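Shown next, in structure tokens, is the structure this report addresses.
Numbering (UniProt numbering), first residue to last: 1 to 657.
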């Protein structure tokens, strides 16, 4: 770079760095701007610029060309590479062949470009496929898996989702990965290809190690088909809804089989005692397959089957090597589970289990403390119907308790000491009972609680209730709580109710995310004496609270005070459908939010001011907060839909009127 071109404060020059790795940006302390996939029009323009616009003169090519561009899915690199390979080609037959080859790329089921994967499930598969080096414990393997996933995300080979426990993969990236494996490497992948029959026997080469035939239309496997694949360890036949029977002879040559996913007919189990994983998730079976108790090497068992009626006594104790167990009730069937047998699995490292009685739940929680190897769990106290309705939403967390649809007594529910995630939904007897969180569950030992969501408890009037006689006063709020999500609490009027004692100084001290939705009796979100507790708050979302008037309550003594309310880490502020909201803080008060990036206001017709304290430039003029990148307000707040940051420089206190 020439000396005169070096960026300085004086010449205003900037350096733009492009990379697939966010680690590069972090190391150089750059502002990250993600480049989105190109639109169809932009993709076509880039393709033509690379291949040459004279190709449009080839008769009948334009439609084929558009289809080829569409296969690139807006990825500039794919467009440039494919366009470069077709440069100078004027034979339409070659163009048609190129399109055919692109369309042959293995596609997943509908919507593969948005295919979403649970991080936990991916890591489980990697562990069982021995793609992660053997660790001392499953928790260490989990940690290694998360590090790998993070690296893939940082290099944009995987993309983040709205939910932090999910990732998604672009279909072009997926096709590229699949094309780099094949029979020569021991893989046969025929996923989502609408196959009606399994591959011919000559395709089942002896060196196959992994086979996936999922998401097809296979309905039958011929009785005479018996592939000789002694090295085959993984066979995936899931999402073939019409496949109801598999002859045991089909598995006779698969002596090394360790993992089987979602097979409805498992008569071969008594011949495959070396199997380490059986995944019957969403399978249509009604009874546990015969011979299950003989799988002495089994480490992974997923029995989350909607139609499974019971797990016969005696099966679980025989699975002495079991490390991972999933057993949930169905939507319509009350499944009998022997809790004593579950609690007796001494080698368990991960348990996902649901029970329908408080005594069984308390027993399971207390016994789980004796399982020294247990590092991940998802324990649920639910009704059969409610439990499965919430199953997919909550999967992916490592230490979770879900209470859904149950009647809870006055004594409260016992929680594990290592609990990190607590979700409470639709508890039946809470409708006419005044209650708070520390009256529903026993929080004294839940010192590791990080996330809590509460929904549809009509009797809940506050989240934490503290008074001089409170038995939970010594630990009213878990110190490590990072996320609090409250929704559809019709009688909720306050976050904290304090009577006769001082507000604990550490309350909410680690809270990062606060969401309040559909709580019609909430008038003031933070009491004046409580706002300072939210110094680590990063995201705040308040929605559809009909009577909400203030975010930070005004002082009863002096509403004209000019207090400063500092939220040093607040990045996002979302306020919507708050018909009575008049102010965010007191009349002359200001909010110091130097980290604010996003402000969104929708349907807050009485709100006239965003009380941000704006930094001043050298000439004394106000400037936008340094990190603000988006401010959005609805028509009901007046003005245009989008407010650029420039507007903020015109009004010291962001007047909206």
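Ideal Cβ positions, reconstructed from N, Cα and C, are used throughout, including at glycine. Just so it is clear, the structure is predicted and the values come from calculations on it, not from any experiment.
Counted within 10 angstroms of its Cβ, other Cβ atoms place residue i as buried (16 or more) or exposed
| i | result |
| --- | --- |
| residue 110 | Interpretation of residue 110 is limited by its pLDDT of 33, a score under 50 that renders its predicted location unreliable; no figure is taken from the coordinates. |
| residue 14 | exposed |
| residue 62 | exposed |
| residue 145 | buried |
| residue 83 | buried |
| residue 131 | exposed |
| residue 39 | exposed |
| residue 314 | exposed |
| residue 426 | buried |
| residue 506 | exposed |
| residue 261 | buried |
| residue 224 | exposed |
| residue 238 | buried |
| residue 90 | exposed |
| residue 627 | exposed |
| residue 27 | exposed |
| residue 236 | buried |
| residue 615 | exposed |
Local conformation of residue i per DSSP, three classes
| i | result |
| --- | --- |
| residue 238 | coil |
| residue 547 | coil |
| residue 389 | Reliability fails at residue 389, whose pLDDT of 45 lies under 50, so the model's placement of it is uncertain and no value is given. |
| residue 324 | strand |
| residue 541 | strand |
| residue 622 | strand |
| residue 517 | strand |
| residue 598 | strand |
| residue 574 | strand |
| residue 156 | coil |
| residue 95 | helix |
| residue 178 | helix |
| residue 141 | helix |
| residue 53 | helix |
| residue 215 | coil |
| residue 290 | coil |
| residue 586 | coil |
| residue 499 | strand |
| residue 310 | strand |
| residue 296 | coil |
| residue 198 | coil |
| residue 365 | helix |
| residue 342 | helix |
When the options are compared against residue i, the one with the closest alpha-carbon
| i | options | result |
| --- | --- | --- |
| residue 624 | 598, 603 and 606 | 598 |
| residue 328 | 259, 402, 313 and 296 | 402 |
| residue 191 | 201, 210, 59 and 202 | 210 |
| residue 569 | 486, 415, 592 and 142 | 592 |
| residue 318 | 148, 99, 301 and 65 | 301 |
| residue 296 | 277, 213, 173 and 306 | 277 |
| residue 183 | 205, 171, 195 and 165 | 205 |
| residue 354 | 280, 257 and 303 | 303 |
| residue 148 | 134, 123 and 299 | 123 |
| residue 580 | 258, 538, 56 and 543 | 543 |
| residue 341 | 181, 364, 47 and 594 | 364 |
| residue 571 | 539, 482 and 288 | 539 |
| residue 231 | 288, 218, 298 and 207 | 207 |
| residue 442 | 455, 478, 620 and 459 | 478 |
| residue 415 | 56, 576 and 444 | 444 |
DSSP bridge partner residues for residue i (one or two, in chain order)
| i | result |
| --- | --- |
| residue 591 | 565 and 612 |
| residue 416 | DSSP, once it has assigned bridges, lists no residue as partnering residue 416. |
| residue 117 | 167 |
| residue 485 | 453 and 515 |
| residue 261 | 236 and 279 |
| residue 494 | 462 |
| residue 552 | 526 |
| residue 187 | 210 |
| residue 404 | 382 and 425 |
| residue 354 | 380 |
| residue 301 | 278 and 325 |
| residue 24 | Beta-bridge pairing links residue 24 to no other residue. |
| residue 173 | BP columns for residue 173 are empty, so no partner. |
| residue 435 | 460 |
| residue 441 | 413 |
Expected contact under 8 Å - CB spacing of residue i and residue j to nearest Å
| i | j | result |
| --- | --- | --- |
| residue 496 | residue 525 | That pair is no contact at about 11 Å. |
| residue 596 | residue 573 | 7 Å |
| residue 92 | residue 52 | Residue 92 to residue 52, Cβ: 15 Å. No contact. |
Contact with chain B by residue i, beta-carbon distance below 9 Å
| i | result |
| --- | --- |
| residue 135 | The structure shown has no chain B; it contains just one protein chain. |
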